[in-house]
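Chains as they are written, first to last, in my numbering: chain E, 1187 to 1344; chain Y, 23 to 458.
Written below as structure tokens is the structure these notes are about.
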Amino acid sequence: MKPIAIIGVGNFLMGDEGVGIHAAKMLRTEFERDDCDIIDAGVPSMALLHMLENRRLVFIIDCADFGGAPGEIDIFHPEEVNREENAEISLHATDLLTTLDVGKKIGMELPPIWIIGIQPGRIEQTMELSEEAEDALSDLPELIENLISSGTESIVNH
Amino acid sequence: MSGANLNIDLHYITRVEGHGNIVVDAKDGKVEKVQWQVPEAPRFFEAMVVGQKWDVLHHITSRICGICSIGHTLASLKATEAAMGINISEQTFNLRRLAIHAENLQSHVLHIGYLVLPDLLGVGSVIPLASSHPEEVKTVVRLHRLANEMSDLVCGRTTHPQRLIPGGFAKLPTEDELLNLKKRLSSAEPDIMAVANLVKALTPKLPSFTRETEYVGLTCDNEYAFYDGDLASTDGDREPVKNYLSWTNEYIVPQSTAKYTKRKRESLMVGALARFNLNHKKLTKKAQALAKDLGLVAPCYNPYMNTVAQLVEVAHSFEDSIRLIDGLLADNSYESRVTSHESRPRQGRGIGAVEVPRGILIHDYTYDSNGICTKANCIIPTNQNHANIQRDMEALVPQIINKPQKEVELMLEMLVRAYDPCISCSTHYLKVEFKK
Chain E
1187 MKPIAIIGVG NFLMGDEGVG IHAAKMLRTE FERDDCDIID AGVPSMALLH MLENRRLVFI
1247 IDCADFGGAP GEIDIFHPEE VNREENAEIS LHATDLLTTL DVGKKIGMEL PPIWIIGIQP
1307 GRIEQTMELS EEAEDALSDL PELIENLISS GTESIVNH
Chain Y
23 MSGANLNIDL HYITRVEGHG NIVVDAKDGK VEKVQWQVPE APRFFEAMVV GQKWDVLHHI
83 TSRICGICSI GHTLASLKAT EAAMGINISE QTFNLRRLAI HAENLQSHVL HIGYLVLPDL
143 LGVGSVIPLA SSHPEEVKTV VRLHRLANEM SDLVCGRTTH PQRLIPGGFA KLPTEDELLN
203 LKKRLSSAEP DIMAVANLVK ALTPKLPSFT RETEYVGLTC DNEYAFYDGD LASTDGDREP
263 VKNYLSWTNE YIVPQSTAKY TKRKRESLMV GALARFNLNH KKLTKKAQAL AKDLGLVAPC
323 YNPYMNTVAQ LVEVAHSFED SIRLIDGLLA DNSYESRVTS HESRPRQGRG IGAVEVPRGI
383 LIHDYTYDSN GICTKANCII PTNQNHANIQ RDMEALVPQI INKPQKEVEL MLEMLVRAYD
443 PCISCSTHYL KVEFKK
């Protein structure tokens, strides 16, 4: 297990909902660091927690509706998100933030986690990304390299 | 004296994947409306696999569900192998049985620990449960981690398997890895018993409602069926899987976008309780002893006991997995065996069925001579259960009509959750509103 994990989550049968999976696939060929595991986690539910343990730093790439333009990337800590609207849990589509909440509540030592959210252009049954989401992928290798090498705090400013 | 009034309109009930509504109307003690509604937009995964090649279909269908991804992969592989005339070795057969146990453990442990225990312990979700009962949640997390690692070891991933391919495995777990897994499974018994003791203490909180229905599952002569078997009913019928259409009979109802199914009766139930009612004599000894200890006796007509049946299956999957590993390791040439199968596509149709945590999953593919899928049909377990949930509600509401409305709502929600329905596993994207 490597100290840094880059985890793509989502369902690639549902268009931009699966942008994290497309990202993981692309990063496996376009992003090389000896200290990084790149994981296609799919729809991991609570299994995500076990991918976070014993890491120094984790990036989770996911489709996120933060009110941006399609393909826009935003990077944030889970703690920055207003949790009132994210309080529910189901077995299959466990909300990412709820999963992290449970981990903390039961005393798991979670590493610093950064969510790389990509605003969807379309969520519908297709294995193709929208043009905007596809374009966003090309920014990821340099973005993640900068986040790791220069320290995430210097870049993110919510 | 006027009777009770109920006006229940629960939209998007929680701790169930997808959107399901419960609507009840009762005036002066008379029930006027009881509906289990599924308003989810229908999904057409079958259309997505048409046009795809035979050797990638199982990867695509594994993405339909994050919980049943191993089951979808196996049903898909079985259908493809049947169509292509591919036979698998005994070793592959046994490793696939191990894979399906891993998925069963992953799903059941989570359902019991995260979704049902909050009801029984009187808290809203697993989040307050983690604060009020941290040790119990930690035990569940430990078991879940082990099931995930088992899946990772056998399938190459926690979810969405990579190693399972037509004819065999792309990569085998090593003998040392299997041996280590066996040790870890063996040492997990105290955790299983801790969860069992907790459930046993809380079982009296499960409603005592019963309604006899038809229970349908796979069955086979020599084991508790998960990977293989014929279609069987507690009404006494048994037929090969190729006859599945006469066992599912999908139909549409006005209040639901999901298809319903029925056989000879107006509804049927699939899942852990159905499997237990059909196949309980083939459970491992420890699982049988646990069922007895938990008061689960076949035939059981209480749908709320589906959770207890899941727990019994957890014990079974642990014990049977250890037995399977012993069998695999007894073969001195285990690691040197060829595991994949060179095949050329051919025209044909194949049907594959497995038991996934929520019941029978069926994939049916037709291929052209180039191995391109021209037609597909997938029947998921939850659709087989919708009609039974509706009939249960119709029977239950008149029995509890005089209880306070909140209590009626909780009992109906618990009923739906007992079925562990998976209405859609398709989207989970984050809705983000930043703190101000």
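All C-beta atoms in this analysis are idealised placements derived from N, C-alpha and C, irrespective of residue type, glycine included.
Check	Outcome
Quick one, which of Glu1328/E, Gly1303/E, Leu1333/E, Ser1336/E has its alpha-carbon nearest Ile1207/E's?	Gly1303/E
What are the boundary residues of the beta strand (DSSP E) that includes Ala48/Y?	43-49
Could you check if Lys281/Y is buried or exposed, using at least 16 other CB atoms within 10 Å of its CB as the buried criterion?	buried
Alpha carbons only, please: which of Cys400/Y, Val334/Y, Asn299/Y, Asn324/Y is nearest the one belonging to Ala311/Y?	Val334/Y
Does Glu245/Y come out as helix, strand or coil in the three-state DSSP assignment?	coil
Residues of chain E with a CB under 8 Å from the CB of Leu383/Y: which are they?	By Cβ distance, chain E contributes nothing, its closest Cβ being about 14 Å from Leu383/Y, past 8 Å.
Mind pulling the chain C residues with CB within less than 7 Å of Asp1287/E?	No chain C is present in this structure, whose protein chains are E and Y.
Counting only Cβ-Cβ distances shorter than 9 Å, please list the residues of the segment 1187-1198 of chain E near chain Y, keeping chain order.	Val1195, Gly1196, Asn1197, Phe1198
In the segment 88-112 of chain Y, which residues sit with their C-beta less than 8 Å from some C-beta in chain E, listed in chain order?	Gly88, Ile89, Ser91
At a Cβ threshold of 7 Å, is Pro1230/E touching chain Y?	yes
Kindly provide the ranges of any beta strand (DSSP E) runs that are 3 or more residues long and lie completely inside the segment 359-426 of chain Y, ordered along the chain.	370-378, 381-389, 395-401
Thinking Ala294/Y and Asn328/Y are a contact (beta carbons under 8 Å), I'd like their distance in whole angstroms, please.	5 Å
Is the beta carbon of Leu290/Y less than 7 Å from the beta carbon of Pro188/Y?	no
In angstroms with no decimal places, state the Cα-to-Cα distance between Asn270/Y and Ala124/Y.	Here residue 270/Y turns out to be Thr, not Asn, going by the sequence shown. Roughly 27 Å separates the two Cα atoms.
Quick check: what's the CA-CA separation for Cys1249/E versus Pro1306/E?	6 Å
List the residues of chain Y that Lys1211/E touches, going by C-beta distances under 7 Å, in chain order.	Result: empty, since nearest Cβ-Cβ is about 12 Å, beyond 7 Å.
Which whole-angstrom value describes the C-beta separation of Val56/Y and Val419/Y, a residue pair presumed to lie in contact below a C-beta threshold of 8 Å?	5 Å
Closer than 7 Å, CB to CB, is Ile1275/E near chain Y or not?	For Ile1275/E, the predicted structure reports a pLDDT of 41, less than 50, and the residue's modelled location is therefore unreliable. A value from the coordinates is still provided. By this cut-off, Ile1275/E is an interface position.
List the endpoints of the continuous beta strand (DSSP E) containing Cys1222/E.	1222-1228
Mind checking which residues open and close the beta strand (DSSP E) that includes Ile1299/E?	1299-1304
Would you give the residue range spanned by the beta strand (DSSP E) that Gly1194/E belongs to?	1190-1195
In the structure shown, what three-state DSSP assignment does Tyr237/Y receive?	strand
Can you give me the start and stop residues for the alpha helix (DSSP H) that Asp315/Y sits inside?	307-315
Label Ser391/Y either buried or exposed according to how many other C-beta atoms from any shown protein chain fall within 10 Å of its C-beta, with 16 as the threshold for buried.	exposed
Quick one: does Ala1233/E have its CB under 7 Å from some CB of chain Y?	yes
By how many angstroms is the C-alpha of Leu1213/E removed from the C-alpha of Ile1193/E?	10 Å
Assign Asn424/Y to one of two classes, buried (16 or more other C-beta atoms within 10 Å of its C-beta) or exposed (fewer than that).	exposed
Going by CA-CA distance only, name the one from Cys444/Y, Lys314/Y, Lys284/Y that's closest to Thr225/Y.	Lys314/Y
Nearest CA to the CA of Thr264/Y: which residue from Ile373/Y, Gly51/Y, Arg380/Y?	A small fix is needed here, since residue 264/Y is Lys in this sequence, not Thr. Of the candidates Ile373/Y, Gly51/Y, Arg380/Y, the one whose C-alpha sits nearest the C-alpha of Lys264/Y is Ile373/Y.
Could you pull the start and end residues of the alpha helix (DSSP H) that Ser268/Y belongs to?	267-270
Near Arg206/Y, which residues of its chain fall below 7 Å by C-beta distance, leaving aside the five closest residues on each side in sequence?	Leu168
Using DSSP bridges, identify the partner residues of Ser278/Y.	Val60/Y
If I'm right that Pro156/Y touches Ser147/Y with Cβ under 8 Å, what's the distance once you round it to whole angstroms?	The pair is not a contact, with the Cβ atoms about 15 Å apart (cut-off 8 Å).
Would you mind reading off the limits of the beta strand (DSSP E) that contains Ala320/Y?	Element bounds for Ala320/Y: n/a, residue is neither H nor E.
Any beta carbon from chain E within less than 7 Å of Ser153/Y's own beta carbon?	yes
Does the beta-carbon distance from Cys395/Y to Val72/Y come in below 7 Å?	yes
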